[in-house]
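Numbered per the working numbering, the sequence shown spans residues 85 to 276. Here a beta-carbon is modelled for each residue, glycine too, at the ideal position from N, C-alpha and C. Structure record follows, encoded as structure tokens.
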Amino acid sequence: MTKLGLKEENVVFQKQVHGDNISIVENNNIFPASDALITKKKGIGLAVSSADCVPIFLYDRKNEVIAAVHSGWRSTELKILGKTLKKLKEEFNSDEKNIFAYIAPCIDVKNYEVGEEVAKKFNPESVEIQNKCYFLNLKKENKNMLIASGIPEKHIEISPLCSYEKTDLLHSYRREGIKSGRAIGIIAMSEE
């Protein structure tokens with residue numbers, strides 16, 4: 085991290101609970117019971133750990149605000165991404181047209197089978213049905229949430245990597261069970 089100009093002690097973690105709690109970061113504390121972090125502080129890294137869930141990173145280039153969002157199916161259902169964008173607008177005067185979003189590696193739809201009861205909670209265009217099995221597309225659901233919130237599509241980048249398939253690089257709870265590790269994604273603004 086030092087090669088990136090970020091001190092290890094300045095990386096902020098959260099106890100991700102698959103909810104919709106959002107924490108505003110003023111210092112390098114650990115935040116309990118949170119699935120989204122927001123800061124305006126330069127030199128502070130916001131971390132998301134994942135092993136299939138969707139890590140989403142936001143940057144408002146005009147107001148210099150960043151956010152890190154952890155969005156599994158429960159947090160996606162609770163619209164944590166939309167709520168984070170709303171908080172950016174309300175607390176930091178962010179304008180959607182100035183926000184850039186990156187949906188980091190997570191599980192792809194073809195590897196994310198869910199029960200019918202979960203599938204029914206989402207927009208039908210984010211669910212694929214094959215042989216009476218339901219597959220949830222969390223990337224698409226979150227991308228659509230970004231677009232519905234006013235983020236220009238050209239400001240959205242989505243990783244093509246699947247956490248389930250990329251065994252040499254990424255961890256997957258679906259693949260490895262409780263023994264799975266976690267990938268860490270970090271967003272920060274340079275102090276320079």
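Item to check | Collapsed DSSP secondary structure at G166 in the structure displayed | outcome: helix
Checklist entry - DSSP state of H154, grouped into three classes? => result strand
Checklist entry - Is it right to say P189 is buried, meaning 16 or more other beta carbons lie within 10 angstroms of its own, or is it exposed? => result buried
Next on the checklist: Given this structure, state the Cα-to-Cα distance separating D252 from E175, to the nearest angstrom.
Outcome noted: 40 Å
Item to check | Top-ranked residue by Cα proximity to L245, from F97, K99, A135 and A152 | outcome: A135
Item to check | Nonlocal neighbours in the same chain, by C-beta distance under 6 Å from A267, ignoring five residues either side | outcome: S134, L254 and H255
Checklist entry - Is I164 buried or exposed, if buried means 16 or more other CB atoms sit within 10 Å of its CB? => result buried
Next on the checklist: Just to check my reading of the structure: I140 and N226 have Cβ atoms closer than 8 Å, yes? What is that Cβ distance to the nearest angstrom?
Outcome noted: 6 Å
Checklist entry - According to the neighbour-count rule (16 or more other Cβ atoms, all chains shown, within 10 Å of its Cβ), is G199 buried or exposed? => result exposed
Item to check | Endpoints, alpha helix (DSSP H) assigned at L230 | outcome: L222 to A232
Item to check | Given S210 as reference, the closest of E161, K170 and E180 once Cα atoms are compared | outcome: E161
Next on the checklist: Does Q214 pass the burial test, meaning 16 or more other C-beta atoms within 10 Å, or should it be called exposed?
Outcome noted: exposed
Checklist entry - Do you know offhand how far K238's Cα is from A185's? => result 10 Å
Next on the checklist: What does the Cβ neighbour count give for G82, buried or exposed, with the cut at 16 atoms within 10 Å?
Outcome noted: Nothing about residue 82 can be read from this structure; the chain reaches only from 85 to 276.
Checklist entry - Quick one: Cα of Y248 to Cα of G156, how far? => result 14 Å
Item to check | DSSP three-state assignment for L287, whether helix, strand or coil | outcome: Because the chain here runs from 85 to 276, residue 287 falls outside it and cannot be looked at.
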